[in-house]
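In the numbering used here, the protein residues as written are -14 to 63.
Every residue gets a Cβ at the ideal spot worked out from N, C-alpha and C, and that includes glycine.
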């Protein structure tokens, strides 16, 4: 019985480790690297085909949603 528990626990640990490793590897692929920052500083723009342009409609919608929220005053000022 304890053998089954040990195998199940080992499988859970292996899957969790694999997921963490995969997540960390995916994070390093995307994002702004030091090379991209240097290119922005020197050229003032990014010349890369693998960087997707911003979806301005989505940005506008998110901004409208943010500013459309009501903001309650802190209780100390009431």
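In three-state terms, what does DSSP make of residue -13? Position 2 of the chain shown, counted from the first residue, corresponds to residue -13. In this structure, residue -13 counts as helix in the three-state DSSP scheme.
Using CA atoms only, rank isn't needed, just tell me which of -10, 18, 54 is closest to residue 33. Within the chain shown, numbered from 1, the residue matching residue 33 stands at position 48. It is 18 whose Cα lies nearest to the Cα of residue 33.
Measuring only the C-alpha atoms, how far is residue 55 from residue 40? Here residue 55 refers to the residue found at position 70 when the chain shown is read from its first residue. Here residue 40 refers to the residue found at position 55 when the chain shown is read from its first residue. Between residue 55 and residue 40, the C-alpha separation is close to 25 Å.
Taking the alpha-carbon positions, what's the residue -14 to residue 0 distance? Residue numbering aside, residue -14 sits at position 1 when the chain shown is read from its first letter. Residue numbering aside, residue 0 sits at position 15 when the chain shown is read from its first letter. Taking the straight line from one Cα to the other gives about 22 Å.
Could you give the distance in angstroms between the alpha-carbon of residue 27 and the alpha-carbon of residue 10? Numbered from its first residue, the chain shown carries residue 27 at position 42. Numbered from its first residue, the chain shown carries residue 10 at position 25. Roughly 28 Å separates the two Cα atoms.
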